[in-house]
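Asks:
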Amino acid sequence: MPAPRSRRRPVTGTTVRVPARYYARAAEVLLRQGVDVARALRAARVAPERIGHPDATMRLDQVEALVADVVAQTGRTDFALDVGRALKLSSHSLVGYGMLSSPTADYALRLAARFFVLIMPSFRLRYRGGVPTQLHFEPTVRMSPLCLHFHLEVLAAAAHWELRELLGGELPAYELSFSMAEPPHVARYAELVGARPRFASESTPGVRLRFAHDFGARPLALADPTSLRMAELRCKELVHKVVAVGKVSDWVRMVLRESGDGMPTLVELAHTLNLSPRTLDRYLVREGTGYRALLREARQQKALALLDGGQMSITEIALELGYTDAANFTRAFRREAGVSPSAWRTRGRTTS
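Residue 277 in full-length UniProt numbering sits at position 277 of the sequence shown, with consecutive numbering throughout.
#1: Which residue or residues does DSSP assign as beta-bridge partners of L176?
#2: With DSSP as the reference, identify every bridge partner of Y127, one or two as the case may be.
#3: Inspect the beta-carbon positions of L94 and A159 and report whether they are closer than 9 Å.
#4: In terms of alpha-carbon separation, which member of V252, L31 and H92 lies closest to E287?
#5: Given that a residue counts as buried once 16 or more other Cβ atoms are within 10 Å of its Cβ, and exposed if not, what is P2?
#6: Taking only runs of the alpha helix (DSSP H) that begin and end inside the UniProt domain "HTH araC/xylS-type" (246 to 347), which ones reach a length of at least 4 residues, in chain order?
#7: Counting pairs of Cβ atoms below 8 Å between the segment 185 to 194 and the segment 114 to 123, do you hit three or more?
#8: Sort out for me which residues DSSP pairs R59 with in a bridge.
#9: Should R142 go down as buried or exposed, given a rule of 16 or more other Cβ atoms within 10 Å for buried?
#10: Any idea what DSSP makes of P121, helix, strand or coil?
#11: Within 8 Å, do at least three Cβ pairs link the segment 63 to 80 to the segment 107 to 117?
#12: Helix or strand or just coil, what does DSSP make of P219?
#13: Please report the Cβ distance between residue 386 and A72, rounded to the nearest whole angstrom; I am assuming they are in contact, meaning their Cβ atoms lie under 8 Å.
#14: Let me know if Q62 comes out buried or exposed under the rule of 16 or more other beta-carbons within 10 Å of its beta-carbon.
#15: Since A157 is in the alpha helix (DSSP H), which residue starts that stretch and which ends it?
#16: Helix, strand or coil, according to DSSP, for T104 in the structure here?
#17: If the criterion is Cβ atoms closer than 9 Å, does the pair S144 and S179 meet it?
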């Protein structure tokens, strides 16, 4: 009988770079709270004198090390909410300047969605005006669960406070929906007045703000056509210089891993990236893989986690992973692990 394959965790890439200015602001917030920021920066291998430079960037693996060290130091899971509140529209450089100079809230949010790659290259913002008005933040690169959940909460808190700033301090009530499970600090969401948080309610990784009220036509106090034209022109120039350094296959792996309600299809994944399914498949083939291979990998990882959890039957796990019955699941699992699901579970119990 072949030996079971090792239970390896996905390894995040080291090539994705994000603006350091947001983590410099996070360092300021944490320093005021007594966190040893110098230690966290050392853990992330980031030079303190570089993080505050306007053009400085950090690799995503450095960000993950920074977040992990702060959690290890403090034992806190809620500091992302403090970081999000500390961000202002002016924190986003030219994009924020363009938003403040926009004639209406709708124009400002459309501008933010167009140029969100300049704010946070590891995420995409989808905006839809009207009723309901929606802002949907989705990751575009692969990252660890801890790092993903940190960024989802930062984005949610930042969107709340920045929309209040944009609208002159008034923000309609809204639904705030996360893909992640309810955090231990859920009570702190009462600080986001008007938000109705819902957890594990998005089927793919991300966070969504949904307003029943259409506030897009509201004029903005600092509207300035000349400043807006200058900001947009400069943003377009910068976007042309942006180089996509993250692997498409890494992003697909992360979405499949984090999906909480079945597995997204190739068509659904392509739609998220504004690609045709054929183009997305071609990108994956170019990287030496394919959707079906990544789907098998993700299903196997989820199967291992569910089997080790011990709370669900083999049939329940099969249905959870999208198989039509337990027999199909057993055959697929045996091909990957070399043993049946029940044998894997029994081995885990005898070695624990």
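Beta carbons are placed, not taken as given, at the ideal position from N, Cα and C, and that holds for glycine.
Replies: With the given structure in hand:
#1: The partner list for L176 (beta bridge, DSSP) reads P197 and L209.
#2: DSSP, once it has assigned bridges, lists L135 as partnering Y127.
#3: The answer is no: Cβ separation not under 9 Å.
#4: Nearest C-alpha to E287: V252.
#5: Residue confidence for P2 is low, a pLDDT of 37 falling below 50, so the modelled location carries little weight; the figure read from the coordinates is stated next. Exposed, because fewer than 16 other Cβ atoms sit within 10 Å of the Cβ of P2.
#6: List check, alpha helix (DSSP H) in window: 248 to 258, 266 to 272, 277 to 286, 291 to 309, 314 to 320 and 326 to 337.
#7: By the criterion of at least three beta-carbon pairs nearer than 8 Å, the segment 185 to 194 is not in contact with the segment 114 to 123.
#8: Beta bridge pairing from DSSP links R59 with R17.
#9: Within 10 angstroms of the beta-carbon of R142 lie 16 or more other beta-carbons, which makes it buried.
#10: P121 falls in the coil class under three-state DSSP.
#11: Judged by Cβ distances under 8 Å, the segment 107 to 117 makes no contact with the segment 63 to 80, as fewer than three pairs qualify.
#12: Look at P219 here: in three-state DSSP terms it is strand.
#13: Because the chain spans 1 through 352 in this model, residue 386 falls outside it and cannot be assessed.
#14: Around the Cβ of Q62, a 10 Å sphere holds 16 or more other Cβ atoms; the residue is buried.
#15: Following the DSSP letters along the chain, one finds A157 inside the alpha helix (DSSP H) bounded by residues P145 to L166.
#16: Here T104 sits in strand by DSSP.
#17: Against a cut-off of 9 Å, the Cβ pair of S179 and S144 comes out as no contact.
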